[in-house]
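Participant: I have a structure I would like to understand better, so I am pasting it below and will then ask my questions one at a time.
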Amino acid sequence: MKIRCEARSDVGRKRKGNEDALALDEEQRLFVVADGMGGHAAGEVASKVAVDAIEDFVRLTGGNEEITWPFGLDDSISYDGNRLKTAIRHANRKVLEATRERSDYEGMATTVAAVLVDGDVANLGHVGDSRVYLWSGGQLVQLTSDHSWVNEQIQSGVLSAEQARSHPLRNVVTRALGGRPDLLVDIQSRRVKPGDVLLLCSDGLTTMVTDDDIARILRESAADIGAAAQGLVDAANERGGEDNITVVLLAFEE
Ligand code: CA
């Protein structure tokens with residue numbers, strides 16, 4: 422299956438720097454969004470280190486069946502699911518190593534949402550509150566579940582989705598690269614078909630723009646994913662642009 426991809430990353434209206442990072446590796450069919458956290462521009466470092474480490478690992482293991490698996494193989498998930506999971510755990514180590522290099526990098530961390538495509542299977546990996554959505558048959562489905570404090574409150578029925586959207590702790594993630602050495606990564610594999618679109622995004626989009634509005638923008642611009650990507654960024658900025666906004670759109674074609 423062919424993939425067309427488009428991405429936008431925007432500083433937004435309130436922040437001085439852009440701490441998001443992304444990768445579009447069409448050769449490896451790897452697509453990544455990372456949202457860094459940490460003072461003194463350390464967030465920018467964390468997201469960049471993570472994205473580079475994931476790309477490096479996936480590139481090094483492409484077509485190479487003799488991979489050594491530093492964290493072991495998980496036989497409940499696909500081969501490429503294992504590659505992606507290992508790449509993200511490897512990236513976690515790289516971020517942790519980097520935090521020890523300079524005192525002002527201490528405490529820096531990053532989310533990751535990544536897609537590695539093999540034929541008509543999209544392998545998804547994520548940590549934190551960057552998301553992957555599927556647009557298919559005119560429906561928008563959030564495929565990932567945020568590792569965030571507010572999402573835990575929603576799951577346990579304490580907060581409604583609407584309350585979570587404006588909650589002061591809405592930016593608190595409960596899992597990130599740069600935290601613990603034994604990082605848990607959520608991996609899933611999904612079959613995709615021509616016409617499907619995957620959206621990877623940082624929370625600068627989803628805290629500003631509702632799922633209904635994301636769906637409306639995709640419906641209006643699905644044929645032109647470049648326009649759709651720009652439309653999503655513009656919508657987040659029109660609603661305040663309180664955070665960096667990064668979107669990656671992948672359109673699957675015959
Ligand atoms: Ca963010």
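Each residue of the sequence shown is one higher than the one before, starting from 422 at the first, in our numbering.
All C-beta atoms in this analysis are idealised placements derived from N, C-alpha and C, irrespective of residue type, glycine included.
These numbers come from a predicted model, not from an experiment.
Can you give the Cα-Cα distance for Ile-638 and Ala-455, rounded to whole angstroms?
Facilitator: If I take the Cα positions, the gap works out to 23 angstroms.
Participant: Using the Cα positions of Asp-477 and Asp-634, report the straight-line distance between them to the nearest angstrom.
Facilitator: Using only the alpha carbons, I get a separation of about 35 angstroms.
Participant: Check this for me: beta carbons of Val-453 and Ile-424, under 8 angstroms apart or not?
Facilitator: Contact flag unset, no.
Participant: Closest by CA to Asp-747, which one among Gln-560, Asp-446, Ala-467 and His-461?
Facilitator: Any question about residue 747 goes unanswered here, given that the chain covers just 422 to 675.
Participant: Go ahead and label His-568 buried or exposed: buried means 16 or more other beta carbons lie within 10 angstroms of its beta carbon, across all protein chains shown.
Facilitator: With 16 or more Cβ atoms within 10 Å of its Cβ, His-568 is classed as buried.
Participant: Evaluate the contact criterion for the segment 533-553 versus the segment 611-620: three or more CB pairs, one atom per stretch, below 8 angstroms.
Facilitator: Short answer: they touch.
Participant: Hey, out of Val-548, Lys-469 and Leu-545, whose CA is closest to Glu-440's CA?
Facilitator: Nearest C-alpha to Glu-440: Lys-469.
Participant: Is Arg-552 helix, strand or coil by DSSP?
Facilitator: If DSSP states are grouped into helix, strand and coil, Arg-552 belongs with the strands.
Participant: Taking 8 angstroms as the cut-off, decide whether the C-beta atoms of Val-613 and Ala-657 are in contact.
Facilitator: Against a cut-off of 8 angstroms, the Cβ pair of Ala-657 and Val-613 comes out as no contact.
Participant: What does the shell around ligand 1 hold, if a residue joins when its beta-carbon is under 6 angstroms from any heavy atom?
Facilitator: Taking each Cβ in turn, the ones that pass are Asp-456, Ser-623, Asp-624, Gly-625, Asp-664 and Asn-665.
Participant: Can you tell me the Cα-Cα spacing of Gly-459 and Ala-597, whole angstroms?
Facilitator: Whole-angstrom Cα-Cα distance: 12 angstroms.
Participant: Tell me whether His-547 is buried or exposed, calling it buried when 16 or more other Cβ atoms sit within 10 Å of its Cβ.
Facilitator: That one is buried.
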